[in-house]
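From first to last, the protein sequence lines stand for chains H and V. Its first residue numbered 482, the first sequence is counted upward by one per residue in the numbering used here. Its first residue numbered 482, the second sequence is counted upward by one per residue in the numbering used here. Even for Gly, the Cβ is constructed at its ideal location relative to N, Cα and C. First the structure, in the form of structure tokens, and then the observations on it.
There are 2 protein chains.
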Amino acid sequence: MAFLGAIGSQLSPLRESSSFLNTNTIIALTVFFALLCACIVVGHLLEENRWANESITALLLGLCAGGVVLLVSKFHSSHLLDFSEDLFFLYLLPPIIFNAGFQVKKKQFFKNFTTILLFGVFGTVISFCIISFGAFLLFKRIGISTLDVKDYLAVGAILSATDSVCTLQVLSQDETPFLYSIVFGEGVVNDATSIVLFYSVQSLDFSNINAGTALNLLGTFLYLFFTSTALGLSVGLISAYIIKTLYFGRHSTDREVALMMLMAYLSYMVAELLSLSGILTIFFCGIVMSHYTWHNVTESSRITTKHAFATISFIAETFIFLYVGMDAMDIEKWKISNASPGTSIIVSSTLLALVLLGRAAFVFPIANIKNCFQRTERTKIEFRKQFIIWWAGLMRGAVTIALCYNQFAESEESSTEESALMITSTIIVVLFSTVVFGSITKPLIEAMLLRHSKPSSSDAADTPSLEDLQLLFIENNDSSEQGNTQPVPRRSRLGLLISHPTTTVHYLWRKFDDRFMRPVFGGRGFVPFVPGSPSGVTDETC
Amino acid sequence: MAFLGAIGSQLSPLRESSSFLNTNTIIALTVFFALLCACIVVGHLLEENRWANESITALLLGLCAGGVVLLVSKFHSSHLLDFSEDLFFLYLLPPIIFNAGFQVKKKQFFKNFTTILLFGVFGTVISFCIISFGAFLLFKRIGISTLDVKDYLAVGAILSATDSVCTLQVLSQDETPFLYSIVFGEGVVNDATSIVLFYSVQSLDFSNINAGTALNLLGTFLYLFFTSTALGLSVGLISAYIIKTLYFGRHSTDREVALMMLMAYLSYMVAELLSLSGILTIFFCGIVMSHYTWHNVTESSRITTKHAFATISFIAETFIFLYVGMDAMDIEKWKISNASPGTSIIVSSTLLALVLLGRAAFVFPIANIKNCFQRTERTKIEFRKQFIIWWAGLMRGAVTIALCYNQFAESEESSTEESALMITSTIIVVLFSTVVFGSITKPLIEAMLLRHSKPSSSDAADTPSLEDLQLLFIENNDSSEQGNTQPVPRRSRLGLLISHPTTTVHYLWRKFDDRFMRPVFGGRGFVPFVPGSPSGVTDETC
Chain H
482 MAFLGAIGSQ
492 LSPLRESSSF
502 LNTNTIIALT
512 VFFALLCACI
522 VVGHLLEENR
532 WANESITALL
542 LGLCAGGVVL
552 LVSKFHSSHL
562 LDFSEDLFFL
572 YLLPPIIFNA
582 GFQVKKKQFF
592 KNFTTILLFG
602 VFGTVISFCI
612 ISFGAFLLFK
622 RIGISTLDVK
632 DYLAVGAILS
642 ATDSVCTLQV
652 LSQDETPFLY
662 SIVFGEGVVN
672 DATSIVLFYS
682 VQSLDFSNIN
692 AGTALNLLGT
702 FLYLFFTSTA
712 LGLSVGLISA
722 YIIKTLYFGR
732 HSTDREVALM
742 MLMAYLSYMV
752 AELLSLSGIL
762 TIFFCGIVMS
772 HYTWHNVTES
782 SRITTKHAFA
792 TISFIAETFI
802 FLYVGMDAMD
812 IEKWKISNAS
822 PGTSIIVSST
832 LLALVLLGRA
842 AFVFPIANIK
852 NCFQRTERTK
862 IEFRKQFIIW
872 WAGLMRGAVT
882 IALCYNQFAE
892 SEESSTEESA
902 LMITSTIIVV
912 LFSTVVFGSI
922 TKPLIEAMLL
932 RHSKPSSSDA
942 ADTPSLEDLQ
952 LLFIENNDSS
962 EQGNTQPVPR
972 RSRLGLLISH
982 PTTTVHYLWR
992 KFDDRFMRPV
1002 FGGRGFVPFV
1012 PGSPSGVTDE
1022 TC
Chain V
482 MAFLGAIGSQ
492 LSPLRESSSF
502 LNTNTIIALT
512 VFFALLCACI
522 VVGHLLEENR
532 WANESITALL
542 LGLCAGGVVL
552 LVSKFHSSHL
562 LDFSEDLFFL
572 YLLPPIIFNA
582 GFQVKKKQFF
592 KNFTTILLFG
602 VFGTVISFCI
612 ISFGAFLLFK
622 RIGISTLDVK
632 DYLAVGAILS
642 ATDSVCTLQV
652 LSQDETPFLY
662 SIVFGEGVVN
672 DATSIVLFYS
682 VQSLDFSNIN
692 AGTALNLLGT
702 FLYLFFTSTA
712 LGLSVGLISA
722 YIIKTLYFGR
732 HSTDREVALM
742 MLMAYLSYMV
752 AELLSLSGIL
762 TIFFCGIVMS
772 HYTWHNVTES
782 SRITTKHAFA
792 TISFIAETFI
802 FLYVGMDAMD
812 IEKWKISNAS
822 PGTSIIVSST
832 LLALVLLGRA
842 AFVFPIANIK
852 NCFQRTERTK
862 IEFRKQFIIW
872 WAGLMRGAVT
882 IALCYNQFAE
892 SEESSTEESA
902 LMITSTIIVV
912 LFSTVVFGSI
922 TKPLIEAMLL
932 RHSKPSSSDA
942 ADTPSLEDLQ
952 LLFIENNDSS
962 EQGNTQPVPR
972 RSRLGLLISH
982 PTTTVHYLWR
992 KFDDRFMRPV
1002 FGGRGFVPFV
1012 PGSPSGVTDE
1022 TC
């Protein structure tokens, strides 16, 4: 040992001077990777626990680690890595959103597409208006004076970005498909909407507001939405076409997997390069890839992509929560904010109240308006479901933190103290909502769903109607006799489109898909489905 | 279109000012990801081609892309990303080396362990001495004057780092297991050795050289080798133990995969943190993980890890070659070096000649010395195999470039022109050896192996001897009657150990593994082997 020690001590000084790598980077990476491993193990052990989940575990572990670093550095800093928006928006967010698109049950998602858009776009805008206006009215009374209109609008956009990871961990995609797809879909659309809103606010010229401004904003939004979606769909289709035509599986499974990963990421980058919404692009790219590309690759590639994408997304999510927890212990921000604990608590509770109110202000009205248009009791959104949808969007997470840093970390217009106060208050909102709301989520949802569950209507909107069954029957008939292209009489189709728009659109899409898309881009039709294959997801058509 | 264009033009200026992401980063990433996709597609199309392979494709595509960027920037710069040693040593090298350990056929590797160590360690040191000494003698005549002893020694270490990817793509692990394991194993050990040599040279104090210096170097090397290996083995065993004990598969496949990825990477980081050799650590961690951990996870995780690790390694390798190609077009370095094309060519050819000579100087002698100790004709390394081993290590790659930048990019002692000349000459050596030698490799090896192949002795060293078979028989007997632990008579064992050291060590290891290791750390013994399972590698025990 003495020998090793002697060599070690002789090595260390010279290695420090000549090592290729920055010691701080290595320490930071070591700590983060060790914490990530710890999160996974602790998360696994707490799997059965009613109150805990992975996000909370990561957040609390991050807080502890931040505390330890703070102690070790003698209260100088808890920073190991600077929070970098590049890291977040370039490397952590894309895999999470891509995986969301890749694993989503497409049938459910598109069936509830209008509802999802209503909640995700319209709802987020309402929440944005209420939080901005509320903060504008209330903050002056608390004594905050240097924030301007732009800052208040930014606060609205920042706090409108929800984080529904907690809820999605509790909801089951199989037991409550309707709720899951609404909460899940709203989460993705909400991320995109709030980021676009935030962009727009930052770029607005407030010295020159006129009637055209709102119209301009609307135009921008529609432009971004449609071009981003189109880009994502195109990249996904190109990947399917390339893999199908060149038949990569012949030579190498790894090339298939690599190409899928790289093209997905490329779609995000191209979108950002064209100033579109990368989130929407990569989400739709994921959907197309799971519908076409995934069926063109070998069985091993299918299993690999499914689990590898989920794993990468899982690591990115855990990393973010870990980081947010660690960042909360950053002593400097608290020092700069210079606010009394009282002020911090008042500001945070105000923001939290606005978040609760802003969400209630659109979930219940939109759901009830939607209910008015439903003819049958069965397809209406009951109150307990409305409540779960409301609850699911109360948590705030990484997008909020990232946007908040972007707005307030180097703000020139408002004073440094009040900017720091906004950052620390946002962190408190994120921590409180994730830890407190998050830990209640599981028992709450279980209670809500179990207490009221009736065997046949627990998730009514998903039960197929008589018409659905008829359509499926027609369609099965149709696909079993491929040569026989005798169309369903046009009048009956039009009638169906008016009376059951979603089902009819789905039926028409399947016909279009079978006849035009699949021959070119592949997909299930070309790979015989093996029942009981380990690839799991396969029993779903869209 | 006009509408979209108008909005687009209105958007771009404001987006540029408010976008979260640095536009240059996005452009660079977009270009790199697009090129990576192109490499995969072109590589796939050229799969059957005799002359091309993935490395050459990536290198040439990189050169073309660099040329285009150079033209677009009007000969100002071909840089999109700065070559960062952090990027290389932290993110690209670890997955490549880990995958090497994870996919290696362990039985072959350990069977030829002494030969691999001889070539990888002793051979690299010989090559280092010859290249350093040769450069020292010859460069003065060319007119290079400002380099000092340290620089020459560094050149020796830099150009001793081989890159055997090209050859490994041609050799088949199943058809020529002996050659494959030698070339492969030497490649990994060589990387570690040359990096350690380079470290040591940089840290030597040349004003105070005495007899102890060489001993000190040797001590350092042995210390690094054993501690790094031990660390890698420990982390691998810990991962196996955790996954076996906690039975992760029960809840989630993704957690298993994530934990394996993270712990592998953690081993590299911890090694770097302790100033050990991360490459050796992560390599042995990969070996242990494939021997124990891999058998403790679910079938899906096994397929996923196998392909995901291979894919990530493949992407990293392609990225490196792409980068090296692109970097070669960096006009600034060529301007600074200020050398006439003649000088550049002379320096590069000198270096290349030294590389050829330095490798010949150890491959043939070591192989022949080793042959003297072999009793049977069968186990000797024939000349054509020696030639292939020699050829396999002629290519220079990313490690060479990375070390070269480290030494010469910001050298204070030697003049800037000569430092730049060394960088450009090294790039020429890398390009020439990869493209020219690389493209000859496939036809050459095919010719060498086919022309002389005899059905039964094409890879003689792998044919099991009579004793091997006897041992296997004893062992099978032994494991089929687990309760019956009656030992083989001690005298016969000792005799075997002396006459057939490798086989006996392997036999003893298997007994130890079955009796002590597998009950604790899992491994094949605990998961029934399913013949024809899609996970492929399984039919190998070590």
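Pick helix, strand or coil for residue i, following the three-state DSSP scheme.
i	result
V:T674	helix
H:M810	coil
H:I625	coil
V:G524	helix
H:L743	helix
H:I862	coil
V:D655	coil
V:E753	helix
V:V917	helix
Could you check if residue i is buried or exposed, using at least 16 other CB atoms within 10 Å of its CB as the buried criterion?
i	result
V:P575	buried
H:R622	exposed
H:Q683	buried
V:T627	exposed
H:S653	exposed
V:T605	buried
V:L573	buried
H:W775	buried
V:D567	exposed
V:K592	buried
V:L703	exposed
V:V910	buried
V:F790	buried
V:L634	buried
V:C853	exposed
H:Q855	exposed
V:Y746	buried
H:W872	buried
Please name the residue or residues paired with residue i in a DSSP beta bridge.
i	result
V:R877	V:T643
Cutting at 8 Å between CB atoms, please list the residues of its own chain near residue i, excluding the five before and the five after it.
i	result
H:T710	L761, T762, F765
H:A842	I607, S608, I611
Which residues in the same chain as residue i place their Cβ atom closer than 7 Å to its Cβ, once the five residues preceding and following it in sequence are excluded?
i	result
H:S681	L698, T701
H:V1001	Y722
H:L527	A533, T538
V:F583	G767, M770, S771, F790
Measuring CB to CB, does residue i end up less than 7 Å from residue j?
i	j	result
V:M807	V:G547	yes
H:L743	V:L517	yes
H:S608	H:A642	no
H:F514	V:M750	yes
V:D644	V:M876	yes
V:T785	H:H788	yes
H:T905	H:K814	yes
V:S818	V:A901	yes
H:A638	H:F679	yes
H:S794	H:N580	yes
Who are the near neighbours of residue i in its chain, counting only those whose CB is closer than 6 Å to its CB and skipping five residues on each side?
i	result
V:V836	L640
H:I625	E899
H:P945	Bear in mind that the predicted position of H:P945 carries a pLDDT of just 45, short of 50, making it unreliable; the figure below should be weighed with that in mind. Within the same chain, H:P945 has no close Cβ partners at all.
H:G759	Y749, A752, E753
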